[in-house]
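220 is the number that our numbering gives the last residue of the sequence shown; the numbers go up by one with no jumps.
Written below as structure tokens is the structure these notes are about.
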Amino acid sequence: MAIDTDTARRVAKLARIKVEDAALPALAQEFSAILGFIEQLNEVDVDGIEPMTSVTPQRLYRREDVVTDGNQQAAVLANAPDAREGFFAVPKVVE
């Protein structure tokens, strides 16, 4: 897929990148090369291949998803400038 200088100018504007007019042909050529490489990747047969998150086999350690209160309410509220009845007290902002 060939990218022309007008498209390169538009992409640069959308990305909020200042590109001089003299540099637009080179930028368009780079965009075309990138899209050409992506087109090559689309030709690869990946049927039956599992998606990967890493090139090295890794197993994520999982823990049981249990809701707890943390048992640290007093320690957390000790940092509050104003705590009342087990909660942070904040000034009223809506009247």
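Note that the Cβ used here is the ideal one computed from N, Cα and C, for glycine as well.
Going by DSSP, what residue range makes up the alpha helix (DSSP H) through residue i?
| i | result |
| --- | --- |
| T132 | T130 to L139 |
What is the rounded straight-line gap between the Cα of residue i and the Cα of residue j?
| i | j | result |
| --- | --- | --- |
| D194 | K217 | 26 Å |
| V215 | I159 | 53 Å |
| P150 | Q165 | 23 Å |
| I142 | N167 | 29 Å |
When DSSP builds the beta bridges, which residues end up paired with residue i?
| i | result |
| --- | --- |
| F212 | R209 |
With 16 as the cutoff for other CB atoms within 10 Å, does residue i come out buried or exposed?
| i | result |
| --- | --- |
| A153 | buried |
| A133 | buried |
| I128 | buried |
Classify residue i as helix, strand or coil using the three-state DSSP reduction.
| i | result |
| --- | --- |
| L202 | helix |
| G161 | helix |
| E220 | coil |
| Q154 | helix |
| A127 | coil |
| D146 | helix |
| L185 | coil |
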